[in-house]
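The structure appears right after this line, and notes come after that.
Residue numbers (the working numbering): 49 to 335.
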């Protein structure tokens, strides 16, 4: 017995942009709520094997969309997809998952994301699929569902993809459907940037901040007054200057030339006040 209440949509309920793609779905099933008509939809896709940088990008960009009429569509997959759903939930943004399976809980793929799927529905979001509710995921179903994600959204945001990543299929579909393709630049030394940089070379829109996304979606960013900078001690200012790029704890201790316990206390205090953040083994400045 499924925990999701799954229903078949009437054609009049289909996301309207799907009518414009070459092979529109004939049937669609939904659990939870469809996107409100006043939202502009953004597909967020990326590598299953994401980096710390990719996770930071997702959280940074989704937080910048808070309060705007934007809905986040992704595929419930491991990696960037699930991070996008999680970040949208954290920012109270509408989010919809389009899995590569039917919507009955017994076949939701991946099985490890059944709880995430429930949370999406409970938050007021939804799950969407053109497959029969008990249809299990297969290799071909993911390519087929990608056209749903790209087709129902005004733009697709690509965050990290290797050169042969399946994620690139969704990006190509977005361009084929005359949708905006937005790409986050990455490190030239990272394999997860090779695929994304291909599209930048072909003219995709680079994204370095949420305002880039808003402009691409035709949404005017709010005018916000810059927050006053906190008064830093000379030592705190030195740490912020050092962390213009991420560094690990040992490097910070070496550069400050202070005892390790003093640096540990300093870093803990700065993190508590929101001046810096720890990601993995590295610290980065937030100010």
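For every residue, glycine included, the Cβ atom is placed at its ideal position computed from N, Cα and C.
For residue j and residue i, believed in contact at Cβ under 8 angstroms, the rounded distance
i           : j           : result
residue 121 : residue 146 : 7 angstroms
residue 200 : residue 63  : 4 angstroms
residue 176 : residue 196 : 7 angstroms
residue 301 : residue 88  : Contact doesn't hold; Cβ gap of about 47 angstroms is too wide.
residue 71  : residue 110 : About 30 angstroms; that fails the 8 angstroms criterion.
residue 74  : residue 128 : About 29 angstroms separates the two Cβ atoms, so there is no contact after all.
residue 326 : residue 319 : 6 angstroms
residue 80  : residue 148 : That pair is no contact at about 18 angstroms.
residue 210 : residue 239 : 5 angstroms
Where the beta strand (DSSP E) through residue i begins and ends
i           : result
residue 230 : 228 to 231
residue 223 : No beta strand (DSSP E) holds residue 223; the alpha helix (DSSP H) holding it covers 215 to 224.
residue 143 : 143 to 145
residue 205 : 203 to 207
Residue from the options with nearest C-alpha to residue i
i           : options            : result
residue 242 : 260, 123, 213      : 213
residue 183 : 78, 300, 156       : 156
residue 107 : 291, 331, 136      : 136
residue 194 : 80, 124, 173       : 124
residue 82  : 234, 170, 192, 129 : 170
residue 86  : 119, 114, 79, 61   : 119
residue 114 : 188, 80, 168, 270  : 270
residue 279 : 101, 335, 161      : 335
residue 116 : 130, 103, 141      : 141
residue 245 : 225, 219, 226      : 219
Terminal residues of the alpha helix (DSSP H) in which residue i lies
i           : result
residue 287 : 282 to 290
residue 244 : 242 to 249
residue 258 : 258 to 264
With contact counted as at least three CB pairs below 8 angstroms, one residue from each stretch, are the segment 93 to 108 and the segment 66 to 84 in contact?
-> no
So, do the segment 200 to 213 and the segment 222 to 232 have three or more beta carbon pairs nearer to each other than 8 angstroms?
-> yes
Would you call the segment 148 to 155 and the segment 177 to 196 touching, i.e. three or more CB-CB distances under 8 angstroms?
-> yes
4 or more residues per run - each alpha helix (DSSP H) lying fully within the segment 96 to 123 | 100 to 112
Give, in chain order, every unbroken run of the beta strand (DSSP E) that is at least 3 residues long and sits entirely within the segment 153 to 195.
-> 174 to 177
Pairing CB atoms from the segment 253 to 264 with CB atoms from the segment 279 to 290, are three or more of them under 8 angstroms?
-> no
Unbroken stretches of the alpha helix (DSSP H), 4 residues or longer, contained in the segment 289 to 328 | 297 to 304, 308 to 320
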